[in-house]
Amino acid sequence: MTTEQDTVNIWNTYGTHQITRGRQLPELERWDWGIPETGPDINALVLQRSLV
57 MTTEQDTVNI
67 WNTYGTHQIT
77 RGRQLPELER
87 WDWGIPETGP
97 DINALVLQRS
107 LV
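Under this note's numbering, read the sequence shown as residues 57 to 108, first letter to last.
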């Protein structure tokens, strides 16, 4: 296997584990990059969509 294949397998295993746990994630009202005043946030995507 390659590093890329290993990474895909690890993430798939992790995702499957999280799904089988049945944990419900909260709905996000706003995307936050974690550091104030950085990143384009979700509004950039909304603006981009309206321009298309």
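Glycine included, every Cβ here is placed at the ideal spot set by N, Cα and C.
Cβ-based neighbour list, residue i, same chain, cut-off 7 Å, excluding 5 preceding and 5 following
i	result
R77	none
Cβ shell of residue i (< 6 Å), same chain only, five flanking positions each side left out
i	result
Q80	none
Any non-hydrogen atom of the ligand NAP within 7 Å of residue i CB
i	result
E60	Among the components modelled here there is no ligand, and therefore nothing to report on the ligand NAP.
Cβ neighbours of residue i in the same chain (closer than 8 Å, five flanking residues each side left out)
i	result
M57	N65
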